[in-house]
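Below: one structure, written as structure tokens.
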Amino acid sequence: QNDRIHSVLLEVLAETNFMKGLYKECLYNYLALASHKYDEMSSIEDEAMGSIQISPERSPVKRSDGRYTHILTMIESYDLHRSLLKKRTSGRSDTSKNLPPLVSLICLVGLEETGNFIIQHCTLPRSKPSTSASTSENRSDLPITQVAAQLNPYPKLLYWFLQRIFYEKPDIYVQFPNTAVPPSAVTDLHRIHFNLHVDYADRAFDESKKLTSIPTFEELRFESPMMKFLKAALPHGGIRSDDVRKALQRCRTESDRQNSKVIYPHLFAHELAYVIERSGSGSEDDAREVLSLLLEGVVSLPLAVEYVERNTSLSAMLWEALVTYCLNAEVDEPTENADSGKNGQLFGCLLEVAARSGSDLAHLVSKIPTGMSIHGIRSKLVTAISDYRFKVKINESAAKILSNDKVDLLREQCHRSRRGIRVDLFKDVEKSSVLKSR
3 QNDRIHSVLL EVLAETNFMK GLYKECLYNY LALASHKYDE MSSIEDEAMG SIQISPERSP
63 VKRSDGRYTH ILTMIESYDL HRSLLKKRTS GRSDTSKNLP PLVSLICLVG LEETGNFIIQ
123 HCTLPRSKPS TSASTSENRS DLPITQVAAQ LNPYPKLLYW FLQRIFYEKP DIYVQFPNTA
183 VPPSAVTDLH RIHFNLHVDY ADRAFDESKK LTSIPTFEEL RFESPMMKFL KAALPHGGIR
243 SDDVRKALQR CRTESDRQNS KVIYPHLFAH ELAYVIERSG SGSEDDAREV LSLLLEGVVS
303 LPLAVEYVER NTSLSAMLWE ALVTYCLNAE VDEPTENADS GKNGQLFGCL LEVAARSGSD
363 LAHLVSKIPT GMSIHGIRSK LVTAISDYRF KVKINESAAK ILSNDKVDLL REQCHRSRRG
423 IRVDLFKDVE KSSVLKSR
């Protein structure tokens, strides 16, 4: 009952200050109302996490009732953005319920509306104090570091904010079109962002994924939010590849006094393979680990074949390891000719995937052991050979077109070089005399 009376009094005081023209005090009165919604913070954080898990790039969340959306209009109209960066107490005896201004705004206005407002006005941190001439221009800025500092006590909200910045405003977070060296404060946020990715990772795995099921090109090119973040943030140096590798290996394993055991083989398997390939030592052990991660962690035969083709220095060894794995792996799915010999369903899928990437099929066919039954091998080989011939024709046609273009360009160059050039003798003499006089 006392909280309700206090809320009514604060709202009346806010309206009174607005009519008096005390807009900053009016804003502080409204933000103080959020202290009565402290118990709703857990539901707001869960809503933020739900929006990330549904669709990180643009996640629909439930909108507020619109009762306090006029606060955003007031901030925009009277340039009160700076007031959101200064924390003031709400006057309550319980100081633990004093929320930061931006968190209070989220509680009052709603997660979606406040998020759009913050993203719109978020900027890079200023390296120097603003001069009087630039103060009016920067009055509506919300530096990304100060926003993150207010959300830091609420990790889920901070994770939600960094994800939205990463997808919706990458020019101040991972791209930096106007500077060669990113600010150190932003690279510090990269480390925090990476740790949040690890802490809130989804450890569930789709059990329906099989090596024998070949994905489409769209499914093959899908990248997780963590993979997109690593590809964008690693070049800036905020997070080091060695630290990322150790952290990912640590969250995948469970250590005891004797040894460490992998308890989440599918967790961050693709990301760990990318980090090892990008910054590993290039040894055989690293190559075998990457291949094992792609086969047993990511459960993707096309990605494994692409890696083997890409690693030219160890390609022969990796092909032998991949062929051995496909020959000895157990396949749960029965085939029509399973009783006539050894099941070669996985090796048949390897032939099909290798044909896609233009690998040496003759070498793979020579590795088929005696007695192995591969369902539909004739049709797979015929399709692979026809695709190969078609690609060869495309390559030859492209080379022929390129050769013709080169000949045409050379002819045009020769023709232009033989053309006469008009020379005005009198102007040239005048120019030479002027130059001599100087």
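Residue numbers (the working numbering): 3 to 440. For glycine and all other residues, C-beta sits at the position ideal for the given N, C-alpha and C.
(message) Buried or exposed for S37, going by 16 or more other Cβ atoms inside 10 Å?
(response) On the sequence shown, residue 37 is found 35 positions in, with the first residue counted as 1. So S37 counts as buried.
(request) Specify whether the stretch 108 to 127 and the stretch 155 to 174 touch according to this definition: at least 3 beta carbon pairs, one from each stretch, less than 8 Å apart. (result) Cβ pair count under 8 Å is three or more, so yes.
(request) Return the chain-ordered ranges of every alpha helix (DSSP H) run that is complete within the stretch 359 to 439 and spans a minimum of 4 residues. (result) For the alpha helix (DSSP H) assignment, the uninterrupted runs of no fewer than 4 residues enclosed by the stretch 359 to 439 are, from N- to C-terminal side, 363 to 368, 379 to 420, 427 to 439.
(request) Write down every uninterrupted run of the alpha helix (DSSP H) in the stretch 210 to 259 whose length is 4 residues or greater and which is fully enclosed by it, in chain order. (result) 219 to 222, 227 to 235, 243 to 254
(message) Quick check on L295: does DSSP put it in helix, strand or coil?
(response) Here the question's residue 295 lines up with position 293 in the sequence shown. Helix.
(message) Quick check: the Cα distance between S215 and L352, rounded to an integer number of angstroms?
(response) For the purposes of this step, residue 215 is identified with residue 213 of the sequence shown, where counting begins at 1. For the purposes of this step, residue 352 is identified with residue 350 of the sequence shown, where counting begins at 1. In this structure, the alpha-carbon of S215 lies about 11 Å from that of L352.
(request) Pull up the distance between the alpha-carbon of N197 and that of E78, whole angstroms please. (result) Indexing the sequence shown from 1 puts residue 197 at position 195. Indexing the sequence shown from 1 puts residue 78 at position 76. Spanning the two alpha carbons is a distance of roughly 34 Å.
(message) Less than 9 Å between the C-beta atoms of R223 and Y266, yes or no?
(response) In the sequence shown, residue 223 corresponds to position 221, counting from 1. In the sequence shown, residue 266 corresponds to position 264, counting from 1. Against a cut-off of 9 Å, the Cβ pair of Y266 and R223 comes out as no contact.
(request) Report yes if the C-beta distance between E311 and S361 is below 9 Å; otherwise report no. (result) Numbered from its first residue, the sequence shown carries residue 311 at position 309. Numbered from its first residue, the sequence shown carries residue 361 at position 359. Yes; because the gap between Cβ atoms is below 9 Å, this pair is in contact.
(message) So, under 8 Å CB-CB, K263 and T255 are touching, yes? Tell me the CB distance rounded to an integer number of Å.
(response) Walking along the sequence shown from the start, residue 263 turns up at place 261. Walking along the sequence shown from the start, residue 255 turns up at place 253. Contact flag correct, Cβ pair sits at about 6 Å.
(request) Look up T189 in the DSSP assignment and say whether it is helix, strand or coil. (result) Against the sequence shown, residue 189 aligns to sequence position 187. In the structure shown, T189 falls within a helical segment according to DSSP collapsed to helix, strand and coil.
(request) From the DSSP output, in three-state form, read off L144 for me. (result) Locating residue 144 in the sequence shown gives position 142, counting from the first residue. Strand, per DSSP.
(message) So if DSSP puts T125 in a beta bridge, which residue, or which two residues, is it bridged to?
(response) As a first step, residue 125 must be located in the sequence shown, where it is residue number 123. Note: T125 sits in a beta bridge opposite P145.
(message) Going by C-alpha to C-alpha distance, which of L303, N313, L297, S294 sits closest to G284?
(response) Here residue 284 is taken as the residue at index 282 of the sequence shown, counted from 1. Here the closest residue by C-alpha is N313.
(message) In this structure, how does DSSP classify K171 when only helix, strand and coil are distinguished?
(response) Numbered from its first residue, the sequence shown carries residue 171 at position 169. Of the three classes helix, strand and coil, the one that applies to K171 here is coil, per DSSP.
(request) Look at the alpha carbon of V394 and the alpha carbon of N180, and state the distance between them as a whole number of angstroms. (result) In the sequence shown, counting from the first residue as 1, residue 394 sits at position 392. In the sequence shown, counting from the first residue as 1, residue 180 sits at position 178. Straight-line Cα distance between these residues: approximately 44 Å.
(message) Between which two residues does the alpha helix (DSSP H) holding L87 run?
(response) Within the sequence shown, residue 87 is the residue found at index 85, counting from 1. Counting along the chain, L87 falls outside any alpha helix (DSSP H), and DSSP gives it neither H nor E.
(request) Please report how far the alpha carbon of L101 lies from the alpha carbon of S186, in whole angstroms. (result) Within the sequence shown, numbered from 1, the residue matching residue 101 stands at position 99. Within the sequence shown, numbered from 1, the residue matching residue 186 stands at position 184. So the alpha carbons of these two residues sit roughly 27 Å apart.
(message) Taking 7 Å as the limit between beta carbons, can you name the residues of its chain near E298, skipping five residues before and five after?
(response) As a position in the sequence shown, residue 298 is number 296, starting the count at 1. Answer for E298: P267, listed in chain order.
(request) From the DSSP output, in three-state form, read off V355 for me. (result) Taking the sequence shown and counting its residues from 1, the one referred to as residue 355 is at position 353. In the structure shown, V355 adopts helical secondary structure according to DSSP, grouped into three states.
(request) Have a look at the DSSP bridge pairing and note the partners of V264. (result) As a first step, residue 264 is located in the sequence shown; it is residue number 262 there, counting from the start. The partner list for V264 (beta bridge, DSSP) reads T255.
(message) So, with DSSP's three-state summary, where would you put V325?
(response) Against the sequence shown, residue 325 aligns to sequence position 323. Reduced to three states, the DSSP call for V325 is helix.
(request) Just mark E322 as buried or exposed, buried being the case when its beta carbon has 16 or more other beta carbons within 10 Å. (result) Start at 1 with the first residue of the sequence shown, and residue 322 comes out as number 320. With fewer than 16 other Cβ atoms within 10 Å, it is exposed.
(message) Whole angstroms are fine: how far does the CA of C28 sit from the CA of E17?
(response) As a working note, residue 17 is residue 15 in the sequence shown. As a working note, residue 28 is residue 26 in the sequence shown. Those two C-alpha atoms are separated by around 7 Å.
(message) Between L348, P155, I376, V325, which has its C-alpha nearest H365's C-alpha?
(response) What you label residue 365 is simply residue 363 of the sequence shown in a count that begins at 1. Ranked by how close their Cα comes to the Cα of H365, the residues L348, P155, I376, V325 have V325 in first place.
(request) Could you say if the stretch 138 to 157 and the stretch 70 to 85 meet the contact criterion of at least three C-beta pairs nearer than 8 Å? (result) yes
(message) Would K158 and L110 qualify as a contact pair, given that the criterion is a beta-carbon distance under 9 Å?
(response) For the purposes of this step, residue 158 is taken as residue 156 along the sequence shown, with counting starting at 1. For the purposes of this step, residue 110 is taken as residue 108 along the sequence shown, with counting starting at 1. Not a contact, by the Cβ cut-off of 9 Å.
(request) Compute the distance between the beta-carbons of P184 and G112, then report whether it is under 9 Å. (result) Sequence index remark: in the sequence shown, residue 184 carries index 182 (1-based). Sequence index remark: in the sequence shown, residue 112 carries index 110 (1-based). Not in contact: P184 and G112 (Cβ atoms no closer than 9 Å).
(message) Quick check for students: name the residue ranges of the alpha helix (DSSP H) that lie wholly in the stretch 19 to 79, counting only runs of 4 or more.
(response) 25 to 35, 43 to 56
(message) Out of E332, E49, S419, A275, which one is the CA nearest neighbour of R306?
(response) Here residue 306 refers to the residue found at position 304 of the sequence shown. Sequence check: residue 306 is Ala here, not Arg. Residue A275 is the option with its Cα nearest to A306.
(message) Let me make sure I understand the geometry here. Which of L232, A151, I54, E308 has the alpha-carbon closest to that of P127?
(response) Numbered from its first residue, the sequence shown carries residue 127 at position 125. The shortest C-alpha separation from P127 is found at A151.
(request) Tell whether a beta-carbon distance below 9 Å holds between V188 and Y175. (result) In the sequence shown, residue 188 corresponds to position 186, counting from 1. In the sequence shown, residue 175 corresponds to position 173, counting from 1. Yes. Within cutoff.
(message) Taking 9 Å as the threshold (beta carbon to beta carbon), is Y161 in contact with chain C?
(response) Chain labels in this structure do not include chain C; a single protein chain is all it has.
(message) Between L87 and Q148, how many whole angstroms is the CB-CB distance? I'm expecting something under 8 Å.
(response) Your numbering for residue 87 matches position 85 in the sequence shown. Your numbering for residue 148 matches position 146 in the sequence shown. Rounded, the Cβ-Cβ distance is 5 Å, consistent with contact.
(request) Report buried or exposed for P304, applying the criterion of at least 16 other Cβ atoms within 10 angstroms of its Cβ. (result) Here residue 304 refers to the residue found at position 302 when the sequence shown is read from its first residue. With 16 or more other Cβ atoms within 10 Å, it is buried.
(request) With distances taken Cα to Cα, identify the nearest neighbour of I46 among S388, G373, S106, S281. (result) Taking the first residue of the sequence shown as 1, we reach residue 46 at position 44. Closest by alpha carbon: S106.
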